[in-house]
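Just so we're aligned: 212 in the numbering used here is position 204 of the sequence shown, and the numbers increase by one with no gaps anywhere.
C-beta atoms are modelled at their ideal positions from N, C-alpha and C, and glycine is treated no differently.
What follows is a set of notes on a single structure, which appears directly below.
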Amino acid sequence: MKRAFHLLLGALAMLAGVELLLRALPVSTATHTGYHIHPNILTNPPHHRWTMSTGWDLRDVQHMRSNNYGFAAEHDFQPGSNAIGLIGDSYVEAAMLPWADRPAAQLERALGGQRPVYALGGPGSSLLDYAERIRWAYETLGLRDFVVMMESTDASQALCNSGNVHARCLDPERLTPVLQHRPPSGAAKDLLRESALAQYLVSQLKFTGARLVSPDFWRSGAPAEHAPPTNTTAPTGAGEPASLSARQKAVIDAAIDEFLRNTVRLQGLRLVFAIDMNRRNLEAGVQRPNEGYHVEQRLQAAGYTVVRGEAAYREHQRQSALRLDMGPHDGHLNAVGVRLLMTVAARAARENKITEINDQGN
């Protein structure tokens, strides 16, 4: 018993030492994400501070802060301002980049600093969540002008249980709109969130029993978040990509139809959509089926301005060897990729006169 007691004491001392060591390092800390400002919108608590880093070796460290409404945004949101809202998922939050390189800051510069750009990013969200955030910003802040920064898969990710839903989603079988909220965390989970060791295991190592025996577990960095999906379809020519499956089209159409139903009554609303691409196709130098093409066609048919980053990316590829993502460990756009997409979005915003103050509501 005495030996067992000493072993237990030694183990506890070792854990305490590791905890203290990790607290001195930039391990990711708790975001305390929840439904703080709206029953269907996930944000951080207002004026919260946390640390973000990637992988076992703590790459891309950023010390984050939320604004007065809980968004990771440089500006506090002022109701009645003439700001432009930037809507999207973790690509808008861009927690791996310094403030000046994030999409809202780059879009604001690309527009000549004429109007502030409010970053309304929500990691792990999709198209129907974007509609909810647009409506909230329209009603609460009085915003009328928005740029929506989209992944090519944001429409299909609107399916419930996709892992990319904050609240509004489509039933996978019937493709009808439903609400699916994330469950609140329990007391034990809240306590573990404050432990640097627990955060290192979960946030940095993505620890699970299955991963422990996988070679990927021991590689530098973490699995790429929002990495473009692997495409098994054979390459097509330089023209239009091959058709999507009937199921893919049905899901995309249902998501866009519901998005339009949730935004069509917002008088004076002006939207520009800037769509990323499957950048694995870029690296392979091919053009393959991409949901972004169908999303573009549907939104344009509804009367919205839609631009894709693909042409700018391919032009960059012809002139430079610099990557557009953070690296093999993270598929998010890096500062160069963000600049290219936000430059395209700014050009479209000017053509759509979004740079001018909207007479309705501002």
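Contact set for residue i: own chain, Cβ-Cβ below 7 Å, skip 5 residues either direction
{"i": "N360", "result": "R278, V280, T313"}
{"i": "V352", "result": "A282, V315, G317, A320"}
{"i": "A354", "result": "L115, A118, L119"}
{"i": "R141", "result": "I49, I95, L128, G130"}
{"i": "L33", "result": "L66"}
{"i": "G247", "result": "Only weak support exists for where G247 lies, its pLDDT of 42 falling under 50; the value from the coordinates is given anyway. Nothing meets the Cβ criterion."}
{"i": "A262", "result": "L178, L183"}
{"i": "I362", "result": "I92, D153, R278, V280"}
{"i": "I45", "result": "T51, Y77, G78"}
{"i": "H40", "result": "N52, P53, H56"}
The beta strand (DSSP E) enclosing residue i, as first and last residue numbers
{"i": "L50", "result": "49–51"}
{"i": "R73", "result": "67–73"}
{"i": "G339", "result": "338–341"}
{"i": "I45", "result": "42–46"}
{"i": "L178", "result": "176–178"}
Among the options, the one whose alpha carbon lies nearest that of residue i
{"i": "S203", "options": "L183, V35, F13, R141", "result": "V35"}
{"i": "G311", "options": "D162, H56, T271", "result": "T271"}
{"i": "I47", "options": "P192, L209, A292", "result": "Reading off the sequence shown, one finds Pro at residue 47, where the question assumed Ile. The shortest Cα separation from P47 among P192, L209, A292 belongs to P192."}
{"i": "G171", "options": "S160, S133, D198, G150", "result": "S133"}
{"i": "R190", "options": "L151, S160, D137, Y146", "result": "D137"}
{"i": "R287", "options": "L16, G18, C168, G335", "result": "G335"}
{"i": "A139", "options": "E266, E82, L187, L205", "result": "E266"}
{"i": "P111", "options": "A258, G78, V155, A145", "result": "V155"}
{"i": "D65", "options": "L349, L332, L213, H340", "result": "L213"}
{"i": "D284", "options": "R322, A258, A113", "result": "R322"}
{"i": "E147", "options": "Q86, S98, E101", "result": "Q86"}
{"i": "A145", "options": "R347, I92, L167", "result": "I92"}
{"i": "V89", "options": "Y126, G63, L167, T62", "result": "Val is not the amino acid found at residue 89; the sequence shown has Ser there. The candidate whose alpha carbon is nearest that of S89 is Y126."}
{"i": "G194", "options": "A292, P180, V100, G42", "result": "G42"}
{"i": "L167", "options": "V294, R331, P124, A258", "result": "A258"}
{"i": "R306", "options": "A292, I264, H324", "result": "I264"}
{"i": "T62", "options": "S211, K10, L135, P180", "result": "S211"}
{"i": "G276", "options": "A254, N342, A309, R143", "result": "R143"}
Cβ neighbours of residue i in the same chain (closer than 8 Å, five flanking residues each side left out)
{"i": "A103", "result": "M60, Q70, M72, A80, P131"}
{"i": "E299", "result": "S160, T161, A163, S164, L252, Q256, I260"}
{"i": "L187", "result": "N48, A175, R176, C177"}
{"i": "E233", "result": "At E233, the pLDDT of 45 sits below 50, so the modelled position is not reliable; the number obtained from the coordinates is stated separately. Here the set comprises S98, D338, G339, H340."}
{"i": "N76", "result": "P54, H55, D84, F85"}
Alpha carbon of residue i to alpha carbon of residue j, nearest angstrom
{"i": "A38", "j": "Q207", "result": "8 Å"}
{"i": "D344", "j": "D109", "result": "Rather than Asp, the amino acid found at residue 344 in this sequence is Val. Straight-line Cα distance between these residues: approximately 9 Å."}
{"i": "L252", "j": "E304", "result": "14 Å"}
{"i": "L2", "j": "S164", "result": "Given a span of 9 to 370 for the chain in the structure shown, any question on residue 2 remains unanswerable."}
{"i": "L28", "j": "L274", "result": "51 Å"}
{"i": "D198", "j": "W107", "result": "28 Å"}
{"i": "R182", "j": "Y301", "result": "24 Å"}
{"i": "L17", "j": "A175", "result": "45 Å"}
{"i": "G96", "j": "L128", "result": "7 Å"}
{"i": "L209", "j": "A21", "result": "18 Å"}
{"i": "H337", "j": "D68", "result": "11 Å"}
{"i": "R152", "j": "N169", "result": "31 Å"}
{"i": "L290", "j": "L23", "result": "45 Å"}
{"i": "P185", "j": "H83", "result": "33 Å"}
{"i": "G229", "j": "R358", "result": "Per-residue confidence for G229 stands at a pLDDT of 49, beneath the threshold of 50, marking its modelled position as unreliable; the derived number appears in the next sentence. One C-alpha to the other measures close to 39 Å."}
{"i": "R326", "j": "L105", "result": "25 Å"}
{"i": "R269", "j": "G78", "result": "27 Å"}
{"i": "R296", "j": "D333", "result": "19 Å"}
{"i": "M350", "j": "M158", "result": "12 Å"}
{"i": "A113", "j": "H14", "result": "55 Å"}
{"i": "Q122", "j": "W58", "result": "30 Å"}
{"i": "S328", "j": "A356", "result": "24 Å"}
{"i": "R331", "j": "A19", "result": "44 Å"}
Residues that DSSP places opposite residue i in a beta bridge
{"i": "V1", "result": "The first residue shown for the chain is 9 and the last is 370, placing residue 1 beyond what the model contains."}
{"i": "I95", "result": "L128, V156"}
{"i": "L167", "result": "L178"}
Residue range of the unbroken alpha helix (DSSP H) whose run includes residue i
{"i": "T271", "result": "254–271"}
{"i": "V186", "result": "Note, V186: premise wrong, no alpha helix (DSSP H); beta strand (DSSP E) at 185–187."}
{"i": "R144", "result": "First, the residue type needs correcting, since residue 144 is Trp and not Arg in the sequence shown. 135–144 is the extent of the alpha helix (DSSP H) around W144."}
{"i": "M334", "result": "Where M334 is concerned, there is no enclosing alpha helix (DSSP H), although the beta strand (DSSP E) it sits in stretches over 333–335."}
{"i": "R383", "result": "In this structure the chain extends from 9 to 370, so residue 383 is not present and cannot be described."}
{"i": "V294", "result": "No alpha helix (DSSP H) contains V294, which DSSP labels as neither H nor E."}
{"i": "L33", "result": "Run containing L33: none; DSSP gives neither H nor E here."}
{"i": "K197", "result": "195–201"}
{"i": "A319", "result": "318–327"}
{"i": "E147", "result": "Neither: E147 is in no alpha helix (DSSP H) and is coded neither H nor E."}
{"i": "P111", "result": "111–118"}
{"i": "L205", "result": "204–207"}
Beta-carbon proximity list for residue i, same chain, < 6 Å, skipping 5 on both sides
{"i": "M201", "result": "A quick correction: the sequence has Arg, not Met, at residue 201. So the qualifying residues of the chain are A38."}
{"i": "P231", "result": "Residue confidence for P231 is low, a pLDDT of 46 falling below 50, so the modelled location carries little weight; the figure read from the coordinates is stated next. None."}
{"i": "L205", "result": "V26, E27, L30"}
{"i": "V100", "result": "L94, P111, A127, G129, M157"}
Short CB-CB distance (under 8 Å) between residue i and chain B
{"i": "D198", "result": "In the displayed structure, chain B is absent; only one protein chain is listed."}
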